[in-house]
Structure formats: structure tokens, C-alpha cells
Amino acid sequence: GGGVCSSGQHSKYNEGSGVGSGALVAEPNFRILQEKGDRRESRPMHTFSWILSRRAISFLKGASAATFASTAVVAACAQAEPEIGVEGAMVSIPRVKGKPQSAVAPHSTMSAVGSNSFYEDRSVVHSTTSPSGEPEHYFAVLDGHGGWDCAEFAYSLLPVSISESLAASKQPPTESEVEAAICQGFLKVEETWTNNLKKEWLREPNYVTYGPPGTERLSSVGTCVLLACVHRGVLYVANAGDSRAVIAQKGFGGSYRAQRVTSDLNAMNPSEQERLKRDHPGEPDIFRCRGPYSCYVKGCLQPTYSIGDAYLKYPYFNNFPGRVIAEPYCPPYIRTVPQITARPLTSCSEGDFLILATDGVWDYLSDQNAVDLVCRAQRTGTNPAEAVVDATLKLAASRFGIKYEELVGMPCGRQRRRIHDDATVVVVDLNSAAAVTARARSKL
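Counting in the numbering used here, the final residue of the sequence shown is number 458, and the numbers go up one at a time with none missing.
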């Protein structure tokens, strides 16, 4: 009674990944670091110089996933902290609560505010150099769902995974090879997360205490990812989920007009609904709508692309007590390989920028609203990303008839989450990133 099964993912980059097939892929030889999740510093992390790929991952309060962190792929990091803006730095805001926090990063600004009991978004800016000596710039926002764990796992591993895939390509890589490297980076993070999850379950199955925060819970945790990469004078934007990228370039008269770069890849999008029906014939419940702005894949999840969400991708994880998707069940329902757009930055002028933001921002701001806010912040010399987050909170407070100060002072949790979602923004100075790339290439 399972209907006609369709893979739902037709990209060549998914072939032979082995994820969910029963094979446990050998982990890279990374050094493991342990740290307590509830002891991380609250200040913006003007992070470390990364030797391999990322800081330690930790999971709160262990339970049946107590050793998951020790099997997660994480990397060693040098303990010297570079200045903000130094090439090679990785910048993030790792501990966010109810008051907006902001940072200045290479070629960009960042800001974030939480509403959930545990902030589920993440953001990262990573500037590095390829083996051929060319600069690479990565900017990303991640919107976790079901928990913060997958976003925490992926946010700094992903840029380095892509960079490693680029390094393995022929030099210099073509645009299609860069896009392939980005896809491979996403799949590498997905594969590592899923196989570590499977390894932990095989190590200590727990059929009785299946509640959170065990491995069973982690199988339904995932993250949307929106990543921009500037490589050899080309801007690549990779989208897996319903965060949004908006570009603004100076037009006639000096005005800036918003141009949406991505599609919102969720079950409310009519084109995604049609794709799901094509990929999964014979499944009348492929998506369920509770209203025009509330549709869910198999009644479970709004995004149609993500990293994680193993139970909607691999049958192995659809067998835990208390949460089983009934037949017809023909996964994968959620895609991992992102949609990618590429555009040259040869015509960039001073002031051109790219906004990357999670859906907590777009719940309240239009694309043009956000662009106008960034332009105003550039004129006044304030943090553009922070201006977008502040405006989001002010509109949220106004809609619910409370003052901005009341909202910011409200504890994170269920009541605040009814007012707004976690909101995370990275604003990229395209002219700055393109100029650094052009200077470096001229010296090669």
C-alpha cells in the first residue's frame, strides 16, 4: 500500500553517497574537542584560525545521545584569535538570546536575535585562500528546526567542506565545477551528520526512553542553509530551504532596487507543491495545508530542502516509537542538494550589497524594506545587519501592541515565539569582496 516510490532527488551529486543505505562511511581523521553547551561564552566569537574545519559540537543534556558529540566530526582549532577583518578568519555569533547581537566580519556585517528557548539559527562568515593563492569568501545563515543541533553541527563545517571540494577540482575550476563543489560540500555535511547519527543509534539503541533529547529526537532535527560564495569574481548563492537572499545594486539616479536571488523552498510554494506531486505519485498526503501560510511535507515539515531531517529522507530513521510516518512512505521527501545561482561581480559599484536572512526577518519585512534599511544604515555609518534585525523586532512589537523594549526584555520561549521567530542576517559588501578577489588575482 505504499504507492509508487520516487527518489525525489535527481541530481547527479546524490549518486553513490551511501547515506541511509546501511553503510557507515569512515569519518575524516579530525581531532575531537569537547565542550559544555551551556558554558559557551556569550560574547561574539571573533573566532579562531581553523586548522581543519570547525569548533567542537556539543549537545545539551546528553540522554541517549550523550556520546553523539564524541562521534561527531569536528576539528581542532588554533587558539590565537585574529583581528576581525583578517583574511582566514571565521566569524560567528554563537550564543544568541533575546537581545540583538551584532558583529563586523570580513566584507560583511552580522546580527541575530533569538525567540526560541534555545536559539536555533546560526550564521558564519569565512574568508580563506585556495591552494592556488586565490581568496575565497563564504557567508551563510542557517535556520534550524526541531532543535539547534544540526545548525550548530553544520555552520562552520560547511564552508570548509566546500573549500576542500574546490581544492580537489582542477585549477582553476570552471563555474560548473564550483557549483559541483558546493553541492559536494552540502552532501558531505549531510552524510557525516546522518552516519554519525546512525552510528550512535547502533551503539546504544534505546527503545524505551525514546523522548528528547536522544538520538531519536536528533533524527527529526534539521537546518535550512543559505550560503553565498565569492570565488574568482563570481557570486554563487546556494539555497537549501526557505531563508532568502536579496541583492541590491545601484541603478539610475543612485537608487537601490531589491532583486530576489532565491526562491522560498517550502511547502507553501506552488512550484514546490507541483514538484512534490510529480516526485511522489500515489501519495495524496504528500503535503498538507492547515491554511495558506501553513503547509507541511507529509504533515511534518515546511521546508522542502535541508540538511538533516533524517526521518524524511531515509527509511532507517522512520521506525522510532511514538513517531512513524504511515504508508505510503517513499522517501526522500526533502532534498539536500541546493539550488544554485551564479552571477559575475565585474559590474559591482561601491555600495552594492547582498542580504542573507532567515525567515524570521521576512515574516515582517519585504525585500525592498530590507534594502532601504541597509541603505539608510550605510549612509549613517551604523551596522546594516543590525538595522534589519531591529526593524524586524519593532514591527513585531507593533503588530502585537507592545513596546520594542518590552519585546526585547521578554524571555525567550513559547510566548515570545508566538510573536516572532529567531532572526539572523548577514549583509555582504559585494564591492569590497569583489575588489579583494580582483587584487589577489592580479598578483598571481
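Ideal placement from N, C-alpha and C gives every residue a C-beta, glycine not left out.
Model, not experiment: these values are computed from the prediction.
Please state if the CB of residue j and the CB of residue i are separated by a distance shorter than 7 Å.
{"i": "Phe167", "j": "Pro352", "result": "no"}
{"i": "Leu370", "j": "Ala259", "result": "yes"}
{"i": "Asp135", "j": "Thr360", "result": "no"}
{"i": "Glu297", "j": "Thr318", "result": "no"}
{"i": "Ser141", "j": "Pro120", "result": "yes"}
{"i": "Glu204", "j": "Thr350", "result": "yes"}
{"i": "Ala262", "j": "Val385", "result": "yes"}
{"i": "Ser320", "j": "Ala254", "result": "yes"}
{"i": "Ser277", "j": "Thr372", "result": "no"}
{"i": "Asn283", "j": "Asp366", "result": "no"}
{"i": "Leu180", "j": "Ala195", "result": "yes"}
{"i": "Leu379", "j": "Val442", "result": "no"}
{"i": "Arg393", "j": "Leu249", "result": "no"}
{"i": "Met104", "j": "Ser170", "result": "yes"}
{"i": "Lys327", "j": "Pro345", "result": "yes"}
For chain D, check one thing: does any of its Cβ atoms lie closer than 7 Å to the Cβ of residue i?
{"i": "Lys212", "result": "Of the chains in the structure shown, none is chain D; there is only one protein chain."}
Excluding the five sequence neighbours on either side, which residues of its own chain have a C-beta within less than 7 Å of the C-beta of residue i, listed in chain order?
{"i": "Tyr310", "result": "Ala281, Phe301, Arg302 and Gln316"}
{"i": "Val463", "result": "The structure shown has nothing for residue 463, since the chain only spans 15 to 458."}
{"i": "Pro389", "result": "As written in the sequence, residue 389 is Cys, which differs from the Pro given in the question. Result list for Cys389: Tyr270, in chain order."}
{"i": "Asn332", "result": "Tyr325, Val338, Ile339 and Tyr343"}
{"i": "Phe414", "result": "Ile433"}
{"i": "Gly322", "result": "Cys164, Trp207, Val235, Gly236 and Thr237"}
{"i": "Lys202", "result": "Ser175"}
Return the chain-ordered list of same chain residues with a C-beta closer than 6 Å to the C-beta of residue i, the five sequence neighbours on each side being excluded.
{"i": "Arg271", "result": "Gly265"}
{"i": "Ala405", "result": "Leu387"}
{"i": "Arg274", "result": "Val260 and Asp381"}
{"i": "Ser144", "result": "Glu150"}
{"i": "Arg430", "result": "Ser129 and Met424"}
{"i": "Ser116", "result": "Ser125, Asn397 and Glu400"}
{"i": "Ser131", "result": "Cys426 and Gly427"}
{"i": "Val403", "result": "Pro114, Ser125, Val127, Ala437 and Val439"}
{"i": "Leu409", "result": "Tyr378"}
{"i": "Ala391", "result": "Pro398 and Ala401"}
Please find out if some non-hydrogen atom of the ligand SAM comes closer than 6 Å to the beta-carbon of residue i.
{"i": "Pro145", "result": "Questions concerning the ligand SAM fall outside what the structure shown contains, since it holds no ligand whatsoever."}
Under the DSSP definition of a beta bridge, which residues are partnered with residue i?
{"i": "Lys184", "result": "Note: Lys184 sits in no beta bridge, so no partner."}
{"i": "Thr355", "result": "Val251"}
{"i": "His140", "result": "Met104 and Tyr152"}
{"i": "Arg258", "result": "Ala371"}
{"i": "Phe301", "result": "Val311"}
{"i": "Met124", "result": "Ala117 and Val440"}
{"i": "Asn280", "result": "Pro317"}
{"i": "Lys408", "result": "Answer is none; Lys408 lacks a bridge partner."}
{"i": "Gly322", "result": "Gly236"}
{"i": "Gln392", "result": "In the DSSP output, where bridge partners are listed per residue, Gln392 has none listed."}
{"i": "Gln263", "result": "Arg271"}
{"i": "Arg349", "result": "Tyr319"}
Under three-state DSSP, which class holds residue i?
{"i": "Ser116", "result": "strand"}
{"i": "Val439", "result": "strand"}
{"i": "Pro329", "result": "helix"}
{"i": "Phe153", "result": "strand"}
{"i": "Tyr270", "result": "strand"}
{"i": "Ala448", "result": "helix"}
{"i": "Asp135", "result": "strand"}
{"i": "Gln316", "result": "coil"}
{"i": "Gly199", "result": "helix"}
{"i": "Leu240", "result": "strand"}
{"i": "Gly160", "result": "coil"}
{"i": "Ala340", "result": "coil"}
{"i": "Lys291", "result": "helix"}
{"i": "Lys417", "result": "coil"}
{"i": "Lys213", "result": "helix"}
{"i": "Gly423", "result": "helix"}
{"i": "Arg453", "result": "helix"}
{"i": "Arg109", "result": "coil"}
{"i": "Arg231", "result": "helix"}
{"i": "Arg432", "result": "coil"}
{"i": "Ala37", "result": "Low per-residue confidence applies at Ala37: pLDDT is 29, beneath 50, and the placement is therefore not dependable, though the value from the model is reported in the following sentence. In the structure shown, Ala37 sits in coil (DSSP, three-state: anything other than H, G, I, E or B)."}
Quick one: residues in its chain with C-beta nearer than 8 Å to the C-beta of residue i, no 5 flanking neighbours on either side, listed in chain order?
{"i": "Ala452", "result": "Gly247"}
{"i": "Leu407", "result": "Pro114, Val127, Tyr418, Leu421, Val422, His434 and Ala437"}
{"i": "Ser290", "result": "It should be pointed out that residue 290 corresponds to Leu in this sequence rather than to Ser. Excluding sequence neighbours, Leu290 sits near Gly22, Ala281, Ile300, Phe301, Val311, Thr318 and Tyr347."}
{"i": "Lys184", "result": "Glu191"}
{"i": "Ser363", "result": "Gln263, Lys264 and Asn445"}
For the structure I just gave you, are there three or more beta carbon pairs, one from the region 104-114 and one from the region 411-426, closer than 8 Å? yes
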